[in-house]
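Numbering (the working numbering), first residue to last: 15 to 142. Glycine included, each C-beta is placed from N, C-alpha and C at the ideal position.
Structural data, given as structure tokens:
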């Protein structure tokens with residue numbers, strides 16, 4: 015897989031992104047607000063061919079739609095119950111979690127979740 019990746023640790027008001035080159039070098043890590051201005055900031059920093067990954071959450075469906083709306087097309091939503099490297103980690107913070115997502119996505123090891131299920135989650139259902 016020869017394209018850069020971004021792992022995003024989604025937050026309610028603010029998210030944290032780790033942008034990695036295809037060779038695994040970290041190009042940039044940054045926070046951005048979950049607002050129109052925040053998405054514009056993200057768009058200025060991250061090329062459109064970048065593969066993006068984040069865990070399913072209450073805002074995942076909306077974030078996916080917002081990113082697609084500004085031209086990103088390779089978006090992967092990770093199944094949270096299968097992300098044990100992140101969920102069971104002793105060291106949990108936005109920077110570490112976004113880096114782990116980026117590393118897993120770089121090597122094609124993100125457990126994918128169907129966006130239909132993400133939409134159900136947004137409506138209050140829980141993953142099984």
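Limits of the unbroken alpha helix (DSSP H) element including residue i
i	result
residue 111	108-120
Closest by C-alpha distance to residue i, when choosing among the options
i	options	result
residue 75	60, 64, 59 and 93	93
residue 114	28, 27 and 40	40
residue 55	62, 46 and 63	46
residue 117	33, 89 and 126	33
residue 120	64, 28 and 43	64
residue 30	68, 50 and 125	68
residue 124	90, 79, 38 and 25	90
residue 25	77, 57 and 126	77
The beta strand (DSSP E) enclosing residue i, as first and last residue numbers
i	result
residue 29	28-34
residue 23	19-23
Test item: CB-CB of residue i and residue j under 9 Å
i	j	result
residue 84	residue 20	no
residue 48	residue 73	yes
residue 23	residue 108	yes
residue 61	residue 36	no
residue 8	residue 28	Nothing can be reported for residue 8: it is not among the residues displayed for the chain, which extend from 15 to 142.
Simplified DSSP state of residue i, which is helix, strand or coil
i	result
residue 124	coil
residue 136	Residue confidence is low: residue 136 scores 48 on pLDDT, short of 50, so the model does not pin down where it sits. No coordinate-derived value is stated.
Practice problem: At 4 residues or longer, and completely inside the segment 48-88: list those alpha helix (DSSP H) runs for me, N to C. | Solution: As far as the segment 48-88 is concerned, its whole alpha helix (DSSP H) runs of at least 4 residues are 50-59 and 74-83.
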